[in-house]
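All residue numbers for the sequence shown refer to full-length UniProt numbering, where the first residue is 1 and numbers rise by one.
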Amino acid sequence: AKVARYSQWLSVCIVVLTRRHSSILLVVGLLLALMVVSSSLLYLVEMDRCESIGVPCRGFESIPDACWFAISTLTTVGYGDVIPSTALGKIIAGFFSVCAVMTLALAGALLTFDFAEHFREERE
Numbered sequence: 001a002k003v004a005r006y007s008q009w010l011s012v013c014i015v016v017l018t019r020r021h022s023s024i025l026l027v028v029g030l031l032l033a034l035m036v037v038s039s040s041l042l043y044l045v046e047m048d049r050c051e052s053i054g055v056p057c058r059g060f061e062s063i064p065d066a067c068w069f070a071i072s073t074l075t076t077v078g079y080g081d082v083i084p085s086t087a088l089g090k091i092i093a094g095f096f097s098v099c100a101v102m103t104l105a106l107a108g109a110l111l112t113f114d115f116a117e118h119f120r121e122e123r124e
């Protein structure tokens with residue numbers, strides 16, 4: 001709060017983010033739900049399918065490995081060190097990747113709306 005005294009834009013950001021914390025919580029909740037569901041599904045699909053069809057698995061040896069893949073995919077970083085090997089795993093990863101991009105787009109739209117509403121209230 002002390003730093004915000006020196007920057008008008010920083011103080012506006014703090015005001016908007018604290019007043020509209022429900023928008024942020026919605027997006028964080030959606031991303032966490034996507035991460036849990038996608039990592040659980042990928043772990044179940046990849047471990048069962050890789051061993052049964054003889055495909056060498058590249059990761060997903062544990063649930064934390066699947067969570068790492070989900071985090072890097074859902075945040076659109078995509079390191080590529082752990083990837084799904086089966087067709088079903090790739091379909092699931094693609095679906096949740098698209099869901100993550102839509103969730104991040106929703107976050108941008110919500111924050112844009114919140115800032116626009118804040119500036120409209122300031123003008124009135």
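Glycine included, each C-beta is placed from N, C-alpha and C at the ideal position.
Each residue's CA atom was taken as its position, placing SER85 and ALA66 some 12 Å apart.
When GLU46, ARG123, MET102 are compared, the shortest CA-CA separation from VAL82 is found for GLU46.
A straight-line Cα-Cα distance of about 11 Å links LEU88 and LEU44. Between the region 26–46 and the region 4–14, the count of Cβ pairs shorter than 8 Å is below three; the stretches do not touch. With contacts defined as CB atoms closer than 7 Å, LEU74 and LEU31 qualify as a contacting pair.
The three-state reading of DSSP puts PRO64 in helix, counting H, G and I together. Uninterrupted alpha helix (DSSP H) stretches at least 4 residues long and entirely within the region 63–120 occur at 63–74, given in chain order.
If you ignore the 5 residues before and after ILE92, its C-beta comes within less than 8 Å of the C-beta of SER38, LEU41, LEU42, VAL45, PRO84, all in its own chain and listed in chain order. Sequence-distant partners of SER97 (beyond 5 residues in either direction) whose C-beta falls short of 6 Å from its own C-beta, in its chain, are THR73.
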